[in-house]
Structures are given as structure tokens and as C-alpha cells.
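Below is one structure, written out as C-alpha cells; comments come after it.
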Amino acid sequence: MDAVIHFFQTFPYELLLIQTINGIVTGMILALVASGLTLIFGIMDVVNFAHGELFMLGAYVGIIVISSTGNFWLALVVSSLIVAILGAAIQVTTLRPLLGRDPLNTILATFGVSLILQNFALWQFGPVSRKLDQPITSHFNLFYLQYPWYRILITILSAAMIGGLYAFLKYGKFGIWIRATTQDRVMAQAMGIPVPLVHTGVFALGAAMAAASGVLFGPLGSVNHTMGLDWVLKAFIVVVVGGMGNLGGSILAAIFISLLESYASIWVDPSQAVIVSFVVLILTLLFRPTGLFATPK
Amino acid sequence: MTRHTKIYWAGFAVVMAVLIVAPLVLPEFWRRFLTEVLIWGLLAMSSDLLIGYTGMISFGHSAFFGLGMYGAAAALLMFSPPNLWLAIGFGLVGAAGAALFVAYFSTRLRDIYFAITTLIFSQIFYVIIFTWTKVTGGENGLIFSRPHFSIPYLLDIRFTSTTLHWFVLAVVTGSYLILRRVTQSPFGMVLQSIRENEARTRAIGYPVQRYKIVSVMLSGIFAGLAGVLYAVQNEFAAPDFVYFVTSGDTVIFNVIGGIGTLVGPIVGAGFFQLLRELMSRIFGDQFPYLIPVGFIFIAMIIFLPQGLLGFARRWLNK
């Protein structure tokens, strides 16, 4: 009993709160990455293995734009646009010919794309990690820490983008096309919806979201050519835990897993904290293989 | 003997003869190269049992390969003098353990989900091996010396690069014959039936998940064997080989060579390594050879999904 009391007396409550905020910040970026992945999967049955590479390229394009113009927000927009165009090109050249084939072909094809993009980045930008400058450098006091406002801003921006996506899917004309295509591809085509265009548009949209999250994340960590795999892996875990193709579920799962990981890193090394998300995945597979937040049909 | 079996075994004998003679004529570098291709080929062939026959794409074969490697390393470091058979035994047990773990969880899911979970599980092993520095040497890996080829009371000889090549060739050939027998057995037929129509296979009354678990484990054990051979050849074990890149390469070998043929993946491994060697000779070491490989890979998925040996697929499986 004394041990329990001692545990609660010496428990680092401030640290817990700080880690809660940290977890939500990374969780929102992860949610942004994962919702692009979920969007593409839900509509096209394509698991985009190259999603992490689009994230990485987004960050690199961001670095280039910032170093030439000095404006972070311009970089965010330009990077999203460029990567969206790249995404559309990828979809037209590699995924469109595979339509109607076994979906496993698409995971192989996007794996090939990730190989090309990753090695292109290594070739062009070199193996040394780079850093993106924070657009806002002011801090506020959080216990003994100077907590950067920028992190709070990211959270709000990510939430706004996800909310924007949701509203767009719900009310926009193109959004309604997307939802119609998700429900019944053939019927949508029969009703005059240009399904190939919808596919390309969705892939471009998902790519833009990946790029935007890459630019937003840039100032928090280092940008290098292998960062894509870490993120796509986390996004995969989130997507499986949240229920494949379930937008709301993957957002909840992203925050849930990021929170757990940041709590775990109070006690263990951050590189080992990743194991917590693996454990969540295993437990999910054991007890709720359809996803933790899946709505029963 | 039918005409087909005659031609098949004649072809087999010719290829074997070429591979046996090869180390005697090739210079040292290419001898090593060929041995390595055979080892990568074994890894790719093991994964073909899943991709080509059971219809499940594994993106996690690096875990089995790596556990085989570290299992062998453990045996070679713990026992003195290092013993080849113990290394193989330890490696296979390690790989089988990892395979059981991965198979138990990931076979609950199908298709894409299976591919993703195998990837994530292999990453678990990577993180453990990378961070558990005390036991695995962490980032630096483990270095050990090559065991002798020994048969108790009879023989104890040091490997040269030629005899090592023959040993690897014998193991790979043996594995090929076993895997070929497996795919033609009633068990293998059930695996192929799962690939063609899982729901129907289940409806007929086969316990599909159990079959899948066994096929993942079988595949993992042979991948572990490849890991042991690689450790014996190169005298080190490094976490890099447990990383995703190894799994990705395995998938590339399969797609390029032709899935569902068993020998195709070996050809694919050879093609890939040759391409890499040629490009680094022509364009220099810094050349990102994986970019052209990626383009070839995508083009093959779109235009030649059967792979290089796809035209012979039926014939090879008869």
C-alpha cells in the first residue's frame, strides 16, 4: 500500500500534462496523414504505400520554398499543390492501368513508387537530415517549460484541415461524387459521374494532405529521406486500429496511439515507446479485428 | 516417366551442373556474388510460398531472415568451437518462433491487411533488435567467425569460398525440392485453393486459418535458413537486415522473377543483383540504382505481372 501511495505522491503530474499536450499535437499530424490514407483506401481500395514518401517530399519541397522565399505559409500551400500534381501523375501513370485487377497489385505498385521517390530524395538532397524553421518562435509558460505556440497552432490547423475535408465530403459537389463512388463505383459511373477523374482527384487530395502534414511536422523533427517509412507505418497502425476506411475511427485512433506513446516515453526511451503502439495493434487484432472504433453494421 | 518429367529433370541437371562448376571457373568476386544470389534466392523462394501459392503478400520477411541470422550468431558466439549445425538449429528455431508469432496474429486478416500487419510485425523485431544493445549489439550488430564444416568423428574442414558455395547450393537445392514437393502435395493444393477462392475452401471444410499459419511458418523457416547462410557467409549479423528494406527486396525479387514458380524468385534475385552491380560499375557507387529498379518493377506489374519466368509457370508446377 505504501508503495502505491509513494507512486502517486512522486508521480510527475506536470509531466503527464505536458505529455498529454505533446501526444495531441503529434496525434493531430498523424490523423492528417492517416485520413489521407483512409480517404484513398476507402474510395479506390488502394493502400498507398508511397504515402509516407509524399509526406517526406512535402517537407523537402517546403524547405526549398522557404529557403527561396522565406515564407512558411507560402511553402505550405506551394508544397501541397506540387505534391498534389505529383500524386495525380502517379495515379494516372501507375494506378489507373491497374484498375479492376487484384488490389494486391496496387500495394506492390505503390511500393515501387515509394522506392523511386525515396531514392530520388536521397539522390537529390543527400543523406544528411535537414531542418525546417518554425514560422512562430514565441513560447508560453507551461510549468517549468517554455512551450512553443507553434505546436498549438499545428494542432488547430490540422483539425481545421480535417474538418474542411469532412465538410467538403459532405457538402461539396466533388465531395458528393466521391461519396457516391465509394458506395457504388459502377452505379456512380452510370449516373454520369466521371469516376476516373474522381479517383485521380482523390489521390491528389490525399497526396496534398500528406504534403501539408509533412510541412507542418518539419519544424518539430528532422527531415530526411527515410522519414516516410516511420510515418506510413504509424499511419498503417492507426488505420488498422481505427478500422480500415473509417475516417472518424482513424482520427480517434491517431490521437489515442500518440497519447499512449507520449505517456510511455515518460518512462522509456522514445525509440522503445513505439512498442506501445505495436501492443495496441496486437490487442486490437486479437479482440476487435475490424478495428477498435468500427461501428458495427 | 512422361516426357515432361524427363525434360524437367534434364533441365534441372543442366542448371545444377552449371552451378556446381561455376565457382571453379569464376573469379573470387563473382563466386561470392553467385553464392549471395543463391542465398537471396532462397529468401525470395520462401516468400513465394506465400505470395505465389497461398496468395498472401508478406512485407515482413526481413524478420524471419533476421531472426535466422541472429539465431545463428547466438549459436556461433555461445559455443566454442563454433558449430555449423548448431547455428542452423538455433537460426531455424529463432525464425520459427518469430514466424509463429507473426502467423498467429496476421493470419486473422486478409489481403492488404495481411501485408500491412506483417510489415508492422517485422518492424517490432527490428525495434527490439536495434534497441536491445546488450544482447544484440544494437546498431553495430554482432561479429563472429565462420564455423567449420563438420560431421562428428568423420570430417572437419574449413570452408573455402568454393566449398561454401557448394554447401549453400546444396541447402538451396534441398529447400527447393522440399518446397516443390510441398506445393504439389495435398497440403499445397489446399494452399492454392485458398489463393483461388478462400470462402469456397472454407465452405468445403478446410480450416483455412490453420493452413495459413502453417504456410507462414514454413515460409518463415526457410527464410530463417537463408538468414543462417548469410550469417555464415559474411560472418556478421546486423540490424539493417531486419529492417524493411530486406522485405521490400524480397518482394521485388518475386515480382521480377515470377511468382508461383519457386525458381522465378531466384532468377529475380540474380537479375536484381546483376542490375545493381552493372549500374554501380557504369555510373559509380553513388548512383541511385533503386530508381531504375523501381521503374522496371512498376512496368512489370502493369505489363508483365507474371514476371520473367511467368511463361513457364504451368510447366514448372506440373
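Taken in order, these protein sequences are the chains called A and B. The letter at position 218 of the first sequence is residue 218 when you use our numbering, and the numbering goes up by one with no holes. The letter at position 224 of the second sequence is residue 224 when you use our numbering, and the numbering goes up by one with no holes. Quick reminder that beta carbons are idealized off the backbone N, C-alpha and C, glycines included.
Which residues of the region 104-118 of chain B have a Cβ closer than 9 Å to any Cβ of chain A? Give them in chain order. Those residues of the region 104-118 of chain B that come within reach of chain A (Cβ to Cβ, closer than 9 Å) are F105, S106, R108, L109, D111, I112, Y113, A115, I116, T117.
Which residue from A:V33, A:A212, A:Q272 puts its Cα closest to that of A:W73? Sequence index remark: in the first sequence, residue 73 of chain A carries index 73 (1-based). With distances taken between Cα atoms, A:W73 lies closest to A:A212.
Cα separation between A:L197 and A:Q91? One-based indexing of the first sequence puts residue 197 of chain A at position 197. One-based indexing of the first sequence puts residue 91 of chain A at position 91. C-alpha separation (whole angstroms): 10 Å.
So which of B:S193, B:A203, B:R210, B:G66 has the shortest CA-CA distance to B:G141? Counting from 1 along the second sequence, the entry for residue 141 of chain B is found at position 141. Residue B:G66 is the option with its Cα nearest to B:G141.
Report the rounded CA-to-CA distance for B:A322 versus B:F187, giving the unit in angstroms. Because chain B spans 1 through 318 in this model, residue 322 of chain B falls outside it and cannot be assessed.
Where does B:E196 land, buried or exposed, given buried means 16+ other C-beta within 10 angstroms? What you label residue 196 of chain B is simply residue 196 of the second sequence in a count that begins at 1. Label assigned to B:E196: exposed.
For A:A259, count neighbouring C-beta atoms within 10 Å of its own C-beta (all shown protein chains included) and say buried if the count is 16 or more, exposed if not. Counting from one through the first sequence, the residue named residue 259 of chain A turns up at place 259. Per the sequence presented here, residue 259 of chain A reads as Leu, with Ala not at that position. With 16 or more other Cβ atoms within 10 Å, it is buried.
Extent of the continuous alpha helix (DSSP H) run through B:D48: Translated into positions along the second sequence, residue 48 of chain B becomes position 48. In the DSSP assignment, B:D48 falls within the unbroken alpha helix (DSSP H) covering 28-48.
Would a C-beta distance cut-off of 8 Å place B:G60 and B:G224 closer than the cut-off? For the purposes of this step, residue 60 of chain B is taken as residue 60 along the second sequence, with counting starting at 1. For the purposes of this step, residue 224 of chain B is taken as residue 224 along the second sequence, with counting starting at 1. When the beta-carbon positions are compared, B:G60 and B:G224 stay at least 8 Å from each other.
Which residues, in order along the region 98-110 of chain A, keep a beta-carbon less than 7 Å from a beta-carbon of chain B? Answer set for the region 98-110 of chain A: L98, P103, L104, N105, I107, L108, A109.
Proximity winner among A:G58, A:L95, A:A109, A:G192, relative to A:V78 (alpha-carbon distances): Working through the first sequence from its first residue, we reach residue 78 of chain A at position 78. When the alpha-carbon of A:V78 is set against those of A:G58, A:L95, A:A109, A:G192, the nearest one is in A:G58.
Assuming A:I266 and A:P12 make a contact with CB atoms under 8 Å, what is their CB distance in whole Å? Mapped onto the first sequence, residue 266 of chain A falls at position 266. Mapped onto the first sequence, residue 12 of chain A falls at position 12. Between A:P12 and A:I266 the Cβ distance is about 7 Å, and since that is below 8 Å, they are a contact.
Determine the extent of the beta strand (DSSP E) in which A:Q146 is found, giving its start and end residues. Residue 146 of chain A sits at position 146 when you count from the first residue of the first sequence. 145-148 is the span of the beta strand (DSSP E), which, as asked, contains A:Q146.
Apart from the five residues on each side of it in sequence, which residues of its chain come closer than 7 Å, Cβ to Cβ, to A:I66? Looking up residue 66 of chain A in the first sequence gives position 66. For A:I66, the CB contacts under 7 Å within the same chain, skipping 5 residues up- and downstream, are F72, A75, L132, D133 in chain order.
Say whether chain B places a C-beta atom closer than 8 Å to the C-beta of A:V47. Locating residue 47 of chain A in the first sequence gives position 47, counting from the first residue. At least one chain B Cβ lies under 8 Å of A:V47.
Classify A:H225 as helix, strand or coil using the three-state DSSP reduction. Position 225 of the first sequence, counted from the first residue, corresponds to residue 225 of chain A. If DSSP states are grouped into helix, strand and coil, A:H225 belongs with coil.
Of all the options A:V276, A:A264, A:D269, A:A207, which has the alpha carbon lying nearest to the alpha carbon of A:K234? Stepping through the first sequence from its first residue, residue 234 of chain A is reached at position 234. The candidate whose alpha carbon is nearest that of A:K234 is A:V276.
Just the C-alpha distance for A:S80 and A:L286, rounded to the nearest angstrom, thanks. Taking the first residue of the first sequence as position 1, residue 80 of chain A is located at position 80. Taking the first residue of the first sequence as position 1, residue 286 of chain A is located at position 286. Going from the Cα of A:S80 to the Cα of A:L286 covers about 38 Å.
Counterpart residues of B:D285 in DSSP-defined beta bridges: Walking along the second sequence from the start, residue 285 of chain B turns up at place 285. According to DSSP, which records beta bridges pairwise, B:D285 is partnered with nothing at all.
With respect to the alpha helix (DSSP H) encompassing A:D2, which residues constitute its N-terminal and C-terminal limits? Residue 2 of chain A sits at position 2 when you count from the first residue of the first sequence. 2-9 is the span of the alpha helix (DSSP H), which, as asked, contains A:D2.
Within chain B, the residues that A:N119 reaches when beta carbons sit closer than 9 Å: Translated into positions along the first sequence, residue 119 of chain A becomes position 119. Result: P288, Y289, L290, I291, V293, G294.
Closer than 9 Å by beta-carbon distance: list the chain B residues that pair up with A:F278, in chain order. To locate residue 278 of chain A, count along the first sequence from 1; it is residue 278. Under the 9 Å cutoff, chain B gives I120, F121, Q123, I124, V127.
Cβ pair A:Y150, A:P127 closer than 8 Å: Here residue 150 of chain A refers to the residue found at position 150 when the first sequence is read from its first residue. Here residue 127 of chain A refers to the residue found at position 127 when the first sequence is read from its first residue. No, these two residues do not count as a Cβ contact at 8 Å.
Considering just the uninterrupted stretch of the alpha helix (DSSP H) at B:H4, what are its terminal residues? Locating residue 4 of chain B in the second sequence gives position 4, counting from the first residue. Per DSSP, B:H4 belongs to the alpha helix (DSSP H) from 3-25.
Would B:I256 count as contacting chain A if we go by Cβ distances under 8 Å? On the second sequence, position 256 is the one that residue 256 of chain B refers to. By this cut-off, B:I256 is not an interface position.
Contact between the region 288-298 of chain B and the region 112-121 of chain A: three or more CB pairs below 8 Å? Yes, since at least three Cβ pairs between the region 288-298 of chain B and the region 112-121 of chain A fall closer than 8 Å, the two stretches touch.
When the Cα of A:T200 is compared with those of A:A167, A:T94, A:N141, which residue comes out closest? Stepping through the first sequence from its first residue, residue 200 of chain A is reached at position 200. Of all alpha-carbon atoms in A:A167, A:T94, A:N141, the one lying nearest the alpha-carbon of A:T200 is that of A:T94.
B:L142 in three-state terms, based on DSSP: Here the question's residue 142 of chain B lines up with position 142 in the second sequence. The answer is strand: DSSP assigns B:L142 an E or B state.
For B:P305 and B:F130, believed in contact at Cβ under 8 Å, the rounded distance: Here residue 130 of chain B refers to the residue found at position 130 when the second sequence is read from its first residue. Here residue 305 of chain B refers to the residue found at position 305 when the second sequence is read from its first residue. Contact doesn't hold; Cβ gap of about 35 Å is too wide.
Counting pairs of beta carbons, one from the region 88-105 of chain B and one from the region 242-250 of chain B, are three or more of them closer than 8 Å? Per the Cβ contact rule, the region 88-105 of chain B is not in contact with the region 242-250 of chain B (fewer than 3 Cβ pairs under 8 Å).
Give the range of the beta strand (DSSP E) segment to which B:L109 is assigned. Position 109 of the second sequence, counted from the first residue, corresponds to residue 109 of chain B. Taken as a continuous stretch (DSSP letters only), B:L109 belongs to no beta strand (DSSP E), as it is neither H nor E.
A:G291: contacting residues in chain B (beta-carbon distance under 8 Å): For the purposes of this step, residue 291 of chain A is identified with residue 291 of the first sequence, where counting begins at 1. Within 8 Å Cβ-Cβ: nothing; A:G291 doesn't reach chain B, min ~10 Å.
State the Cα-Cα distance for the pair B:P265 and A:Y144, rounded to the nearest angstrom. Position 265 of the second sequence holds residue 265 of chain B. Position 144 of the first sequence holds residue 144 of chain A. Whole-angstrom Cα-Cα distance: 58 Å.
Quick check on DSSP: helix, strand or coil for B:D156? The count along the second sequence starts at 1 and reaches residue 156 of chain B at position 156. It is a strand residue.
Beta bridge counterpart(s) of B:S150 as assigned by DSSP: Your numbering for residue 150 of chain B matches position 150 in the second sequence. The partner list for B:S150 (beta bridge, DSSP) reads B:D156.
Excluding the five sequence neighbours on either side, which residues of its own chain have a C-beta within less than 7 Å of the C-beta of B:L309, listed in chain order? Here residue 309 of chain B refers to the residue found at position 309 when the second sequence is read from its first residue. Excluding sequence neighbours, B:L309 sits near G257, G258, T261, V263, G264, V267.
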